[in-house]
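Number of protein chains: 2
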Amino acid sequence: MNLQNYVEGKWVTGKGQPIELHNPVNNEVVAYAGSKGVDIASALNFARKNASPALQKLTYEERAKLLDAAVEVLNNNSKKYVQAALSNSANTAVDAMIDIDGGVGTLKYYAGIGKNLGDAHYISEPGMERLSREKAFQAIHVLTPLKGVAVHINAFNFPSWGLWEKAAVSLLSGVPVFAKPATTSCLVTYLMIKDVVDADIFPVGSISLICGGGHDLMDHVQAGDAVFFTGSADTAATLRSNPNVIKTGVRFNVEADSVNMTLLGEDVEVGSPLFNGFVKEVAKEITTKAGQKCTAIRRVLVPTTLIDAVADAVSAKLAKVVVGDPSVEGVRMGPLMNKSQQNAALKGLEILKKEAKVVFGDNNNFTLVDGNLVDGCFVQPTLLRCDEPLKAKRLHDTEVFGPVATLMAYESVDQAWQLAALGGGSLASSVFTGSDDFAVTAMLALAPCHGRVMVVNDAVINGHTGHGIVMPQCVHGGPGRAGGGEELGGLRGLKFYHQRSAIQGDIALLAKITANAVEI
Amino acid sequence: MNLQNYVEGKWVTGKGQPIELHNPVNNEVVAYAGSKGVDIASALNFARKNASPALQKLTYEERAKLLDAAVEVLNNNSKKYVQAALSNSANTAVDAMIDIDGGVGTLKYYAGIGKNLGDAHYISEPGMERLSREKAFQAIHVLTPLKGVAVHINAFNFPSWGLWEKAAVSLLSGVPVFAKPATTSCLVTYLMIKDVVDADIFPVGSISLICGGGHDLMDHVQAGDAVFFTGSADTAATLRSNPNVIKTGVRFNVEADSVNMTLLGEDVEVGSPLFNGFVKEVAKEITTKAGQKCTAIRRVLVPTTLIDAVADAVSAKLAKVVVGDPSVEGVRMGPLMNKSQQNAALKGLEILKKEAKVVFGDNNNFTLVDGNLVDGCFVQPTLLRCDEPLKAKRLHDTEVFGPVATLMAYESVDQAWQLAALGGGSLASSVFTGSDDFAVTAMLALAPCHGRVMVVNDAVINGHTGHGIVMPQCVHGGPGRAGGGEELGGLRGLKFYHQRSAIQGDIALLAKITANAVEI
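Here the protein sequences line up with chains A and B, keeping their order.
Our numbering puts the last residue of the first sequence at 537; the count rises by one with no breaks.
Our numbering puts the last residue of the second sequence at 537; the count rises by one with no breaks.
Here you go:
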């Protein structure tokens, strides 16, 4: 199959030699994609001139209904996407569920909260303030939808979720989507967009898709557009340095890889439900999607007294994980995305091994079900251990984007917070403790350097949503190395696709403006 | 006087040849400044390690009281600053009031709203949301103060206001201030910080000051810091492109020059109070601080039918403005900041004159009171006119940072909105109209490309705060060319010095966390 690009309301085939999309189990070609010759500047202008006014003519509620219609189309075709995720990304059933159901679920969530916004065309913030001796002169703040295009550059690991978690908020805001998924895994993205386009739900130009390289995309963004990037810190740096990006001051949101951490409290006893839940979560984070989640646990902080017990328990869990071709019954973890990811992960592992020792994995007793290491992109689930992590450097700044995590011993909680901060800013953190006092201390220590802190105690040990799972109700993003961006967070997410402006004027006029808005 | 730098709680003299600070009226040296040899990395670390914990040990209310104490010190010494603003920036009394009283007023405003935040150490946002089947597992959002330093790089035009509008919010948030004012006008900044430091109000290291060049400052910022830049789009681009800035993903807020606009509605009759108020405001914006305000009106959009009347009326106003040495009684406008600013303004004027004709000024009948064009940095108040502004290009992207504005005729309101958007994103806009319906339309058209829209009708014509005046209650900043940043906006301003994090966990624990926070 040759995956086309969708621009200016038309399907366009890229010119020249297309890029091969492979099955990471056996390196067989599953599709082709290319975007050479696509006029990106013209495509962006088409969306700005046609789709933006058409979308913004609708109310929030009307756009929410369009999201709902898209959810229906996607749900009706979900088997096709699961099949594509198996062949193009070697997803297990669980991996595919996180990506595909996660994406459609986020779209459904925004359709739901969007309906409550009613028939407004813009948003107001609470409060009106007097500004001068003249009582009538006051100020309010409004949020109006951006007039440009939302350029969504997504990572290979979530071809569905990455697409819809961004598109849901953007389309609900009335801002057309220009999707640039990672080419290597864009089959799922392509199929989903194709179905939604065929169903003729959104005004023409509301969704654009580039299946191949982005080429000169960054040279054509402008004020009023918003660029949302998810991917590696290196690529983020390249895109952010683009002279046109710098010059135009275009809104630029980055959600980058980070060296996320989890922490086991000193109060937790070996063998307790909380201990077992912690061990289960660490093993799950290492193996789900073969560790290819930006939020996955990379650093596991445990008290010195508990590190042996944790090492044994996590190793025992990892030993039971069947790795191989996910199309085979019983396989629980597939390969990495491609050869390049496999090589990068193995290279990163070598860096970690200079400061940590291997507790489990690293190709010892690595048996594969229906796959091999030459054609397939497999990496064994690997657990490392470092007993003096404050002396380490690369353990805190190297993200191996695969099934790898490092246990780190901490002697005091102060040491633990130091270790946490060495990540330089991360997306997600979690703490397992039965002590409320410690939980509050931990929250205050971790929040400044994390976009999310999950605290697990006995009350929620069986009912939490997981360290690495992004919930649309919560902001997603993190400071520093994690890119400094923010997405989602319920209605907060809409703010990133709106311009906030102070409106000053006669109190009677401001009351009229507020009456026409929806307050959030 | 040789202005020292204040780092690590000590006054340090720069090494080598210092930079001269001049009186722009006559080019006489008024002070020296230099920062060569100052260990900036060490200074930043000192603030992070010492001042940050000391400030954050205090509650919001306690920090608000420190702001109040600083206000008292500054008010007691205000005459000294006005004198310095006269000698170093050639401010008129009104110019000095906007800068000095504006800065201290903003500090006082934040001291006031800070007291209402009480004895909390962090902020929570409204709402708690259930995340899973387990009722107990929910999420809240908290804002915790950044653990780093707030680096404030300020423009030459507001040595007081630029300092305090940023420092007020930063210090109230518990984040130490690292002030880098523009060297050319830093005498006022130096004197104010010296007085506050001598009064021993804040924990040591809470305020740092670099009076000379910033040198390698950008190479030493890191995750957890926040950089706030006000100045030209060019300098913003340079700083934003710094590899360390890109790599660390440090929070970076830009408030850059923009080509702000005002608009006269078609409903306004010549000679009406609204017409006269509009004319007065345009003339005031051209001449206040000799046009050296980032928010100043640069483009004046008027209906084709009214452009002659507006041209005559504004010219008449400008003709009455006495330009010269502001130390002389009766002088209403002083020179630009220095020779470099004068040259840049004259050069910019030449660019504008290719697309617009001169209505008033441009060195015709330019008489100066106690000053001359050779030693002094004077530029005559100048009004230009363009009757087909949609055909112009440079009129919309060239900001002459001086007493210059261009009248532009619009034939229809749609044309007016097109013209407005050609600014590429601006800080401030204003609309003068008696029609509520038109005001609402204008607000919706202007808000997406402006950080602020002031609407003036008869009810507020005598009581508004002015097109170019930044009120601490309102967000300040603008999209696109204006940098995409945000400052101030009442309590909103605190968010820029805090990290927002989603906290997931047991509902009972979350209730405890919320109980200790202040909700905003």
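Don't be surprised by glycine CBs; every beta carbon is placed ideally from N, CA and C.
For clarity, every value in this text was computed on a predicted model and none was experimentally measured.
Worksheet item: Quick one: what's got a C-beta closer than 6 Å to Asn174/B's C-beta in the same chain, skipping five residues either side?
Response: Gln309
Worksheet item: Which of the residues in the region 133-150 of chain A, read from start to end, lie with their CB under 9 Å from any CB of chain B?
Response: His138, Tyr139, Glu142, Gly144, Glu146, Arg147, Leu148, Ser149, Arg150
Worksheet item: What three-state label does DSSP hand Lys27/B in the structure shown?
Response: strand
Worksheet item: Under the rule that 16 or more other beta-carbon atoms within 10 Å means buried, what is Lys74/B, buried or exposed?
Response: exposed
Discussion item. I want to see whether chain A comes within less than 8 Å of Pro465/B, judged by CB atoms only; does it?
Written reply: yes
Discussion item. Would you call the region 218-231 of chain A in contact with the region 221-228 of chain B, where contact means no fewer than 3 C-beta pairs closer than 8 Å?
Written reply: no
Fill in: Proximity winner among Val327/B, Ile537/B, Asp56/B, Asp475/B, relative to Val299/B (alpha-carbon distances)
Val327/B
Practice prompt. Give the residues from the region 166-181 of chain B that approach chain A closer than 9 Å (Cβ to any Cβ), ordered along the chain.
Written response: none
Item to complete: Have a look at the DSSP bridge pairing and note the partners of Asn270/B.
Response: Phe245/B
Fill in: Integer-rounded CB distance, given that Gly451/A should sit under 8 Å from Asp414/A
So it is not a contact: roughly 32 Å between Cβ atoms.
Worksheet item: Going by C-alpha distance, which of Lys132/A, Val477/A, Lys152/A, Val244/A is nearest Pro193/A?
Response: Val244/A
Worksheet item: Quick one: what's got a C-beta closer than 7 Å to Ser52/A's C-beta in the same chain, skipping five residues either side?
Response: Asn22, Gly31, Ile227, Cys228, Gly229, Gly230, His232
Discussion item. Which residues does DSSP list as the beta-bridge partners of Glu504/A?
Written reply: His493/A
Discussion item. Here's the rule I'm using: 16 or more other beta-carbon atoms within 10 Å means buried, otherwise exposed. How should Pro162/A be labelled?
Written reply: buried
Worksheet item: Taking Cβ-Cβ distances shorter than 8 Å, what residues in chain A pair up with Asn474/B?
Response: Gly522, Asp523, Leu526
Discussion item. On the CB-based measure, 16 or more other CB atoms within 10 Å of its CB, does Thr255/A come out buried or exposed?
Written reply: exposed
Discussion item. Whether or not the region 516-525 of chain B and the region 193-210 of chain B are in contact is what I'm after, with contact meaning three or more pairs of Cβ atoms, one per stretch, closer than 8 Å; do they touch?
Written reply: no
Discussion item. Cβ closer than 7 Å: which chain A residues qualify as neighbours of Gln516/B?
Written reply: Ala464, Pro465, Pro496
Worksheet entry | Beta-carbon proximity check, His481/B vs Phe154/A, cutoff 8 Å | yes
Item to complete: Taking Thr201/B as the reference, give the member of Met354/B, Asn389/B, Pro496/B, Asp387/B with the closest Cα.
Response: Met354/B
Practice prompt. Say whether chain B places a C-beta atom closer than 8 Å to the C-beta of Gly500/A.
Written response: yes
Worksheet entry | Residue span of the beta strand (DSSP E) that contains Pro290/B, given as start and end | Element bounds for Pro290/B: not the beta strand (DSSP E) but the alpha helix (DSSP H), 290-304.
Item to complete: Would you be able to state if there are at least three C-beta pairs under 8 Å between the region 383-396 of chain B and the region 466-483 of chain B?
Response: no
Worksheet item: Around the Cβ of Pro143/B, are there at least 16 other Cβ atoms within 10 angstroms (buried) or fewer (exposed)?
Response: exposed
Worksheet item: Do you know whose CA, among Ala409/B, Asp56/B, Glu79/B, Tyr49/B, lies nearest Phe219/B's CA?
Response: Glu79/B
Worksheet item: So Gln516/B is in the alpha helix (DSSP H); what residue range does that whole segment cover?
Response: Per DSSP, Gln516/B belongs to no alpha helix (DSSP H); it is in the beta strand (DSSP E), 515-523.
Worksheet item: Mind checking Val460/A: buried by the 16 CB within 10 Å criterion, or exposed?
Response: Per the sequence shown, residue 460/A should be read as Met rather than Val. Classification for Met460/A: buried.
Discussion item. Can you look up Ser452/B in the DSSP assignment and give me helix, strand or coil?
Written reply: coil
Item to complete: With 8 Å as the threshold, decide whether the Cβ of Gln490/A is near any Cβ in chain B.
Response: yes
Discussion item. At 4 residues or longer, what runs of the alpha helix (DSSP H) sit wholly inside the region 308-395 of chain B?
Written reply: 324-336, 356-370
Practice prompt. Compute the distance between the beta-carbons of Leu318/B and Ala433/B, then report whether it is under 8 Å.
Written response: yes
Worksheet item: Can you tell me whether Lys371/A is buried or exposed, with buried defined as 16 or more other CB within 10 angstroms of its CB?
Response: exposed
Discussion item. Could you check whether the Cβ of Val271/A sits closer than 8 Å to any Cβ belonging to chain B?
Written reply: yes
Practice prompt. Give every residue of the same chain whose Cβ lies closer than 7 Å to the Cβ of Leu84/A, excluding the five residues on either side of it in the sequence, and list them in chain order.
Written response: Leu124, Tyr127, Ala128, Gly131, Ala185, Leu188, Leu189
Practice prompt. Run down chain A in chain order and give the residues with a C-beta less than 7 Å from the C-beta of Met471/B.
Written response: Gln521, Gly522
Discussion item. With three or more C-beta pairs closer than 8 Å as the rule, is the region 58-78 of chain A touching the region 259-274 of chain A?
Written reply: no
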